[in-house]
Amino acid sequence: MDLTLGREESAEKVKAKASLPTARGHFSACCTPTLPEPGLNQDSWVLSPAPQPRAPDPHTEAMEPVCLVEPVPSSGTLRVNPAALGLLRGLTRPLHVLAVFGPRGTGKSFLMDQLAGQGEGFPCSPGIWVWCLPHPTQPDQALVLLDTEGFPEQEGDKTQLSRLFLLNVLLSSVLVYNTRSEGDPQRQLDRLTYVRDLPRLVQVLDECSWENSFLLSSVLPNFVWCLRDVAPDPCLDEMLEATGHELDSALSSPQDLEDSPSSCIQRLFPCRKLFCFCSPRADGGHGEPPSPADQLHPTFQEQMGRFKDYALSRSPKTVVGNRVVDGTFLADFLERVVDLLSRDKPVLLSEICNDLQQEGDDYSVGYPTDTTGDAPPRRAAASAAQPSVPDPKRECVVPLQMSQPALPVLAQAAPGTAQPGAMEEPMCLIENRPGRELQLNQRALSLLQSFRQPVVVVAIAGLYRTGKSYLLNRLAGQRTGFSLGATVQSHTKGIWMWCLPHPYRAGHTLVLLDTEGLGDVEKGDTKNDTWIFALAVLLSSTLVYNSMGTISQQAMDQLHYVTELTEHIKVKAAGEGGRQEGEDSAEFLRFFPAFVWAVRDFTLQLELDGREITEDEYLENGLKLKPGSSQRAQLYNLPRECIRQFFPARKCFVFIQPAGRRDLPRLEELQEDELEPEFSEQVARFCHHIWETSKPKTIPGGHVVTGAMLGNLAMTYVDTIRSGAVPCMESAVLALAQIENSAAVGEAVAVYEEQLARQVVVLLPTESVPELLELHAQCEREALRAFMARTFKDDDRSFQGELMHRLEEQKQELYRRNELASSDRCTAILLELSDEMEDQIGQRVYLVPGGYQHFQNDRQQMVERYRQVPGKGIKAEEVLQEFLQSKEAVAQTILQTDQALTEKEKETAAERARAEMAEREQEVLKQKEAELQQKLEDQDRSYQENLRQLEEKLEDERKKLLEEQGKMMDQKLKEQEALLREGFREEARRLENEIRGLQQQNEEIQKPSWIQSALGTLGDVASLVLPGFVGKAAGVVTNLVRRLF
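Be aware that the sequence shown starts at 3, since it is given in our numbering, and climbs by one per residue.
Okay, here's the thing in structure tokens:
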């Protein structure tokens, strides 16, 4: 008898012998609807009448596919299956919905069965069938698969098929179009003629149907074309791999017809992918897909793996407003859409979402409504306005805009990078239209938030028509980009954005912000000028102020916006020492950018008192204060004091006129040799300075800002301004911390699962609990590193506590999986080893004189052989004990019928058997107690690891904070020295107080209690989230505090 059983083989034997009912069979019996038979009411559904004990949990158990939507032959309409809706409403988690559509006989159902990890599932039946399963990689989501009947080669009922296609599009987060490779592949793509009907049948807003195609692109799912039975083509495979399976890269030249299916797909679907598959059959043949028992072709398995990795990693299903939906919302949404289609009414998405929101308390997120009337400003790269995306943590409703936008053009990102691609043209980020409030362009915001790299943000501000845009174009390495214009009218409206790979800092994104020209007389109402200047300060890491001529009193007067910053920006929230009289300017320095003054068309000689001076000395001379206390002196000094206080890190560049007056209107067309050589040299020095010295955008504490974080900051500031309040920098950072810390928890859990997945299949079951706990500890360590790298301002340690709780749940699930794997393997081994004894019992071999001793010998031999089999795991003795106990009744029967034994001997044998059973039970109990102790000790280890990594992070934060404080102190000392040199002793004494305050802060930061209090907070949190940990935290923290002192 072979004892080296494979684990899968053993599990199969267990299942075969146990004959347990499957979840699929159970579900089929209780939930599958019965379709009406001829003669019955064709508009009704007849459900199986017999109630069953329990329906499977849709979040943890696989269900049987069930018909969701069926065509009604008599009327040509569609009807929804109430039983299927009931199943959807049982899904309370976010949904990841994958739908497949395509011609008949192309293996759509086989593809979806592979996604489900099942041999067979979807039937070949009319309508749309739904299959609800646990998500294989995202435990906080449910996976919903939709399989639709294939459309015929010849034109069928086009209206019905068009409606089925529309439902697939509106219900899914990933739409799979499945075809075979026959002839020209693009011709297969152009068979999807139903895509042309989408803009006619579906509208986002009723008021702006003229731009519906664009608005649709903001809510439609990812489009994936699966091209089946493709002959091997290494060049195609290499190209797809290099472009990230981008569909557009595989298409031929753009279609001549704008309404061709290929063009419609490119225009309507925001993300388009192509995956090619060879024949799944092992012999490489075509035709019917292989049966579940057949071996799949190795290349097909690799291709399927890549497709599954992509399809299952997409975001959950969302609707208008970027709302993540659950099963109840999706079911109600489906009923509404089918009802509209049956009445030949257009589907108005915003109206449906608003109605569903008002009908149920569950729909708590506000949906946008249109409140605008005019189109936004246009330029070479027109701004892309689309439905605003409310922050899920907010209660406000952001108005939906109307516009005629053009999509931003992105350069292709290199394979394998986290960069979504560089913008080839700028686009409007914050719109400023006459008579209206500032408005975020959601298309641009989404693009900015897609950049996960640290960002270096360079903003330029200044009077209108002073050449700001030209300097930014040169920083982008281009002559054109931001619109220059050639008249006295201001071209830039609002704030425009251009995201590019940083030329000097690998792994960083350079974000250029071009602000609307200040002081434009044609605007009439200039109330937003100060807000635009304030936003440029708040969002940038380097602020360039651009002016013409010289640094004169007129130039200072024009820079009055800097004197109004403290009126339009708060450092702290109200009640926490917000902007108060005499507030320390150092608080602003933590948030404000470096300052560069660019003086254009400069005609003076850089000389002072007969000696040459540098550009920086020219700036500092212009910032000198005028003695005296008169109103005239105060007005003269005010802008200079503000610049000196808020921007201690200052730089100046002067530029001569770039070309002759006649050439200035076409400045962006001039070649380098047509520009003044001195001007070219000045621009080159300016650009290199910005590229080399501009730091990544940070928030207090030295935490580096990514594109996603910058987008959230912009959203917070603009929403605050729109509400009529004053932006609070501290509140914005705290709101950002909530978003980032929540994401950090999710990222850390994902890292844990990824690390675990690499080893768990090979290692389970483990031979001991410590071996399993070591595996958990390795994964936990990496997860904590990922969390610590992203989290900030988690002062109450609530997010770290949440991560501890989530990882503890992961550990408990790992215990369960390990015990189940061990139990399955042990049971399979015992069933195989006991086969011969079972046969002998059935043949009554032991029911003879002396049979009991024979039975005892065989049973002992079986136990010894069982114990020799390796890899049984931690449940080996417990399963053996349960198995022997289950056979004890048979042993007693054999004992009592053995005529070779006297009654006394029988009684002795029975007593011995009971003693052996009790001894085995005691051993199992001791093993469980030891395992429990090991688990409790692991909680202590886990807590120690959290403490260690938190302490390292706090030490790093303290170091960065002290560096930040040191720079501020150096700048203030330098400013104090300058004030004393200029004779302003009162101002120098004020600075002395600020410097003393910084020194006191440094002393507090350097105290052991600065870290000790945070570690103590973590101990309190751990006592709440770790079961069995109460009472340990105090001792651990005490030991740590002793070490600190």
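We treat Cβ as the ideally placed atom computed from N, Cα and C, and that holds for glycine.
Kindly identify the DSSP beta-bridge partner or partners of Met550.
Paired residues: Arg602.
Going by other Cβ atoms of all chains shown within 10 Å of its Cβ, with 16 needed for buried, is Arg325 buried or exposed?
The residue in question, Arg325, is buried, as its Cβ has 16 or more Cβ neighbours within 10 Å.
Please determine, among Leu218, Arg230, Arg799, the residue with the shortest C-alpha to C-alpha distance to Val178.
Among Leu218, Arg230, Arg799, the Cα nearest to that of Val178 belongs to Arg230.
When DSSP labels each residue in this structure, what does Tyr945 get in the three-state scheme?
Correct three-state label for Tyr945: helix.
Considering only the alpha carbon of each residue, which of Leu736, Lys969, Glu909, Arg592 lies closest to Asp798?
Nearest C-alpha to Asp798: Leu736.
Taking the Cβ atom as the reference point for each residue, do Glu933 and Val771 lie within a distance shorter than 8 Å?
Cβ distance < 8 Å, so Glu933 and Val771 count as in contact.
Put Arg991 into one of helix, strand or coil per three-state DSSP.
The answer is helix: DSSP assigns Arg991 an H, G or I state.
Determine whether the beta carbon atoms of Trp131 and Val171 lie at a separation below 8 Å.
It is not a contact, given that the beta carbons lie outside the stated cut-off.
I believe Asp328 touches Arg95 by the beta-carbon criterion, under 8 Å. Please report the beta-carbon distance rounded to the nearest angstrom.
At roughly 7 Å, the Cβ-Cβ gap stays under 8 Å, so Asp328 and Arg95 are in contact.
Which of helix, strand or coil does DSSP assign to Arg165?
DSSP places Arg165 in helix when its eight states are reduced to three.
Going by DSSP, what residue range makes up the beta strand (DSSP E) through Arg787?
Not the beta strand (DSSP E): Arg787 falls in the alpha helix (DSSP H), residues 771–792.
Return helix, strand or coil for Phe112, following the three-state DSSP convention.
Phe112: helix per DSSP, three-state reduction.
Out of curiosity, what's the CA-to-CA distance linking Thr139 and Gln898?
Roughly 55 Å between the two C-alpha positions.
Do Val564 and Cys654 have their CB atoms nearer than 8 Å?
Contact: no.
Spatial neighbours of Arg165 within its chain, please: C-beta separation below 7 Å, excluding the five flanking residues on both sides.
Correct list, in chain order: Leu80, Leu343.
Look up Asp149 in the DSSP assignment and give the residues it is bridged to.
Answer is Val102, Trp131, bridged to Asp149.
Label Cys730 either buried or exposed according to how many other C-beta atoms from any shown protein chain fall within 10 Å of its C-beta, with 16 as the threshold for buried.
Per the 10 Å Cβ criterion, buried.
Can you give the beta carbon distance from Val459 to Leu515, rounded, assuming they're within the 8 Å contact cut?
Yes, Val459 and Leu515 are in contact; Cβ-Cβ is about 7 Å, under 8 Å.
Give a yes or no on contact between the segment 740–759 and the segment 792–811, applying the rule of three or more CB pairs nearer than 8 Å.
The segment 740–759 is in contact with the segment 792–811.
Sort Gly726, Leu669, Glu884 by Cα distance to Arg481 and report the nearest one.
Nearest C-alpha to Arg481: Leu669.
In three-state DSSP terms, what is Phe271?
In the structure shown, Phe271 sits in coil (DSSP, three-state: anything other than H, G, I, E or B).
In the structure shown, what three-state DSSP assignment does Ala635 receive?
DSSP places Ala635 in helix when its eight states are reduced to three.
Starting from Gly612, trace the beta strand (DSSP E) in both directions and tell me its first and last residue.
First-last for Gly612: undefined, no H or E at that position.
What are the partner residues of Leu712, as DSSP defines its beta bridges?
In DSSP, Leu712 forms no bridge with anything.
Among the candidates Val728, Ser220, Trp599, whose CA atom is the shortest distance from the CA of Gln205?
Checked all of Val728, Ser220, Trp599; the closest Cα to Gln205 is Ser220.
As a quick exercise: from Glu155, Ala538, His98, Glu439, pick the residue whose alpha carbon is nearest that of Leu135.
Comparing Cα-Cα distances from Leu135 to each of Glu155, Ala538, His98, Glu439, the minimum goes to His98.
By how many angstroms is the C-alpha of Met499 removed from the C-alpha of Phe103?
In a straight line, the C-alpha of Phe103 is about 39 Å away from that of Met499.
Using 8 Å as the Cβ pair cut-off and three pairs as the minimum, do the segment 885–902 and the segment 831–851 touch?
Yes, the segment 885–902 is in contact with the segment 831–851.
For His856, which three-state DSSP category applies?
DSSP places His856 in helix when its eight states are reduced to three.
Give the straight-line distance between the Cα atoms of Leu621 and Gln946, rounded to the nearest whole angstrom.
Distance between the alpha carbons of Leu621 and Gln946 is about 54 Å.
Buried or exposed: which applies to Arg827, given that a residue is buried once 16 or more other Cβ atoms fall within 10 Å of its Cβ?
So Arg827 counts as buried.
Applying the criterion that 16 or more other CB atoms from any shown protein chain within 10 Å of the CB defines a buried residue, is Ser1136 buried or exposed?
Because the chain here runs from 3 to 1047, residue 1136 falls outside it and cannot be looked at.
With DSSP collapsed to three states, give me the class of Thr568.
Residue state, collapsed to three classes: helix.
Would Trp693 pass as a contact of Tyr506 if the rule is Cβ separation under 8 Å?
For Trp693 and Tyr506, yes; Cβs fall inside 8 Å.
State yes or no: is the C-beta of Thr544 within less than 8 Å of the C-beta of Ala596?
Yes, the Cβ-Cβ distance between Thr544 and Ala596 is below 8 Å.
Does the beta-carbon distance from Gln802 to Leu956 come in below 8 Å?
For Gln802 and Leu956, no; Cβs fall outside 8 Å.
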